[in-house]
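Going by the numbering used here, the first residue of the sequence shown is number 2, and it counts up by one from there. Just below is one structure, and these are the notes that go with it.
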Amino acid sequence: MHAYTATATPEVRAEITESLQLRDPVILVGDFDRPNLFLGVVPRGHIEMQVADYLRQHPGESGIVYCITRHETEALAKWLQGQSFRAAAYHAGLDDQQRAKVQDAFMAGQIDVAVATIAFGMGVDKPNVRFVLHTAMPSSLEIYHQEIGRAGRDGQPAECVLFYLYDDLLDWCEIIWPDEEPLEGEQELDALYEMLVYCEAHLKGPSSGCRRFKLLRHFGQDAPPTCSACDVCMTESPANGKSGPFSVSDKGRAERKFIATKFDHVAVCGR
Numbered sequence: 002m003h004a005y006t007a008t009a010t011p012e013v014r015a016e017i018t019e020s021l022q023l024r025d026p027v028i029l030v031g032d033f034d035r036p037n038l039f040l041g042v043v044p045r046g047h048i049e050m051q052v053a054d055y056l057r058q059h060p061g062e063s064g065i066v067y068c069i070t071r072h073e074t075e076a077l078a079k080w081l082q083g084q085s086f087r088a089a090a091y092h093a094g095l096d097d098q099q100r101a102k103v104q105d106a107f108m109a110g111q112i113d114v115a116v117a118t119i120a121f122g123m124g125v126d127k128p129n130v131r132f133v134l135h136t137a138m139p140s141s142l143e144i145y146h147q148e149i150g151r152a153g154r155d156g157q158p159a160e161c162v163l164f165y166l167y168d169d170l171l172d173w174c175e176i177i178w179p180d181e182e183p184l185e186g187e188q189e190l191d192a193l194y195e196m197l198v199y200c201e202a203h204l205k206g207p208s209s210g211c212r213r214f215k216l217l218r219h220f221g222q223d224a225p226p227t228c229s230a231c232d233v234c235m236t237e238s239p240a241n242g243k244s245g246p247f248s249v250s251d252k253g254r255a256e257r258k259f260i261a262t263k264f265d266h267v268a269v270c271g272r
């Protein structure tokens with residue numbers, strides 16, 4: 002029996018082994034490190050302007066912009082088109098023909114930017130994707146790792162930039178638990194927390210905040226404590242001060258609601 006998966010943590014690998022009742026299986030794990038990818042997290046402001054500014058600095062380059070919802074992909078793609086960027090939206094709400102048209106145009110270089118949800122990427126092997134942008138925090142490091150893995154497959158340098166606010170945490174809580182029902186488990190919360198720790202790495206500085214280190218260790222892979230290809234390690238201290246670039250009020254509200262969710266399963270996200 003063979004079992005395959007893309008990005009499994011040691012815990013998930015153990016669960017697969019147990020659920021399939023495998024006895025002393027041979028487990029082969031690939032290298033999770035992509036040293037040609039620069040990893041960065043940027044405080045989110047006016048996201049349309051931030052994405053447009055980034056694209057202007059990378060004219061003609063091929064890239065993917067990941068959004069959380071279908072509506073966001075449509076709105077951002079339309080706005081970018083209005084700014085004369087060759088962009089198109091891709092999400093599961095489009096019919097098969099529309100999705101194929103966007104994917105084929107992206108692969109052929111007829112559009113530069115695919116503005117997409119998580120639905121985009123499976124089967125897409127475009128070597129020269131030079132950047133992957135996230136307009137908000139993904140719900141887990143597994144999803145994040147898969148999505149940034151679309152960049153730099155030709156081995157050349159590529160950039161992965163995540164635009165982040167603490168309120169992303171609240172948005173995910175409302176998406177995952179919309180009905181304010183008691184939580185059945187903590188896996189989703191744990192995944193959100195690990196993603197939050199990754200996004201907040203800049204607060205601890207190079208000695209303990211390397212993004213590549215956190216990402217690789219999450220998947221059980223040894224890594225040096227610092228690298229030369231993430232925003233934390235390439236600066237001696239956070240550019241926006243020791244307290245970080247995020248609003249105290251935003252951090253406080255999100256943190257209180259997250260703690261309420263983590264330790265009180267009666268109210269989802271503290272609502």
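Built from N, CA and C at the ideal position, the CB exists for glycine as well.
- Of the residues I48, A115, K215 and F214, the one whose Cα lies closest to the Cα of A78 is A115.
- With fewer than 16 neighbouring CB atoms inside 10 Å of its own CB, H72 falls in the exposed class.
- The C-beta distance from F39 to C161 rounds to 7 Å, short enough to fall under 8 Å.
- Of all alpha-carbon atoms in R100, F121, P44 and I149, the one lying nearest the alpha-carbon of E201 is that of P44.
- Counting only runs that start and end inside the segment 108-163, the alpha helix (DSSP H) elements of at least 4 residues fall at 142-149.
- Ranked by Cα distance from F132, the options A76, C174, G61 and M138 are led by G61.
- The C-alpha of Q157 is placed about 24 Å away from the C-alpha of I119.
- Taking P128 as reference, the option from T74, A152 and E148 with the minimal CA-CA separation is A152.
- Going by DSSP, I48 is part of the alpha helix (DSSP H) stretching over I48 to Q58.
- For the set I112, A117, A159 and Y55, the Cα lying nearest the Cα of T70 is the one of A117.
- Of the candidates R35, Q98, Q82 and D34, the residue whose Cα lies closest to the Cα of L56 is Q82.
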